[in-house]
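Q: In the working numbering, the protein residues as written are 382 to 656.
Here a beta-carbon is modelled for each residue, glycine too, at the ideal position from N, C-alpha and C.
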């Protein structure tokens, strides 16, 4: 609730509530900046401040349950159609276009991630394919109601490639421990989606939106960049202050014994299954 009050709600007002970014013309159809950039940047700042898990980078830490991960990805894909395409104030034409954009972007990103994984490791994984689909869903969220299907495919390809690079190359180099890749998937995907809206948006798709850079309106591209930088900066600073304040009154992590046996056992006395 604290994070929602001091991070999410101000950013939502800026873009959705008639705030300064909305007055400048910033577009975020379904939360690329409001939801995904804020969540991803928060995850990065918190992960760096709290520090990595014991043995991170030296001990194998496999995904907990692949079938459940696939089920979760499937639920997300279906749910995205509701909260991204089913925008309450959008016309049925816009909703239909957003629905199509969501499907093709997710599929394109899933295929891109799978292809990148195959090139790097000689074989794809189902977790990678699901991760790619989520990256595409994130990236298309801010642009879904403003772009056509071909632009959505490009957005999906960009999301699959960019998020794959950050998760598999940037994270190991920098060494931060983001176990769910919230930064690599959501902050990176949301950033690309916001920028892409400034590139590919077209009033031919949605008259209530705006044309982007590729439709001879560079101003929109500039506004989208400004929105991205403002949300990144605000979220990073406020999250840093929040974590500092919280760690002053409570521990930032569990003790070594609880971390070693796992929180399922230490806090719930339950054992998960490994697949």
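Taking its Cβ as the centre, do 16 or more other Cβ atoms sit within 10 Å of residue 438, making it buried, or is it exposed?
A: It counts as exposed.
Q: Work out the CA separation of residue 389 and residue 647 for me, nearest whole Å.
A: If you take the alpha carbons of residue 647 and residue 389, they lie about 31 Å apart.
Q: If you draw a straight line from the alpha carbon of residue 565 to that of residue 588, how long is it in whole angstroms?
A: If you take the alpha carbons of residue 565 and residue 588, they lie about 33 Å apart.
Q: Between the alpha carbons of residue 393 and residue 387, how many angstroms are there, rounded?
A: Going from the Cα of residue 393 to the Cα of residue 387 covers about 11 Å.
Q: Starting from residue 597 and walking both ways along the alpha helix (DSSP H), at which residues does that stretch end?
A: Per DSSP, residue 597 belongs to no alpha helix (DSSP H) and is neither H nor E.
Q: First and last residue of the alpha helix (DSSP H) that includes residue 645?
A: Here the alpha helix (DSSP H) through residue 645 covers 644-649.
Q: Is it buried or exposed, residue 452, if we count other Cβ atoms within 10 angstroms and call 16 or more buried?
A: Counting Cβ neighbours within 10 Å, residue 452 comes out exposed, since fewer than 16 surround it.
Q: What are the boundary residues of the alpha helix (DSSP H) that includes residue 545?
A: Segment 530-546, the alpha helix (DSSP H) holding residue 545.
Q: Using three-state DSSP, classify residue 625 as helix, strand or coil.
A: Three-state result, residue 625: helix.
Q: If I'm right that residue 354 touches residue 562 with Cβ under 8 Å, what's the distance once you round it to whole angstroms?
A: Only positions 382 to 656 of the chain appear in this structure, which leaves residue 354 out of reach.
Q: Does DSSP put residue 583 in a helix, a strand or coil?
A: Reduced to three states, the DSSP call for residue 583 is coil.
Q: Under 6 Å Cβ to Cβ from residue 404, same chain only, skipping five residues before and after it: list those, please.
A: Around residue 404: no qualifying Cβ.
Q: Can you tell me whether residue 426 is buried or exposed, with buried defined as 16 or more other CB within 10 angstroms of its CB?
A: Residue 426 is buried by the Cβ-count criterion.
Q: Would you mind stating whether residue 475 and residue 526 have Cβ atoms separated by less than 8 Å?
A: Yes, they are a contact pair.
Q: With residue 476 as the anchor, note down where its alpha helix (DSSP H) starts and where it stops.
A: Segment 473-502, the alpha helix (DSSP H) holding residue 476.
Q: Let me confirm a value: residue 554 is counted as buried when at least 16 other C-beta atoms fall within 10 Å, else exposed. Which label applies?
A: It is exposed - the Cβ of residue 554 has fewer than 16 other Cβ atoms within 10 Å.
Q: Can you give the beta carbon distance from residue 530 to residue 459, rounded, assuming they're within the 8 Å contact cut?
A: With a Cβ gap of about 19 Å, residue 530 and residue 459 do not count as contacting.
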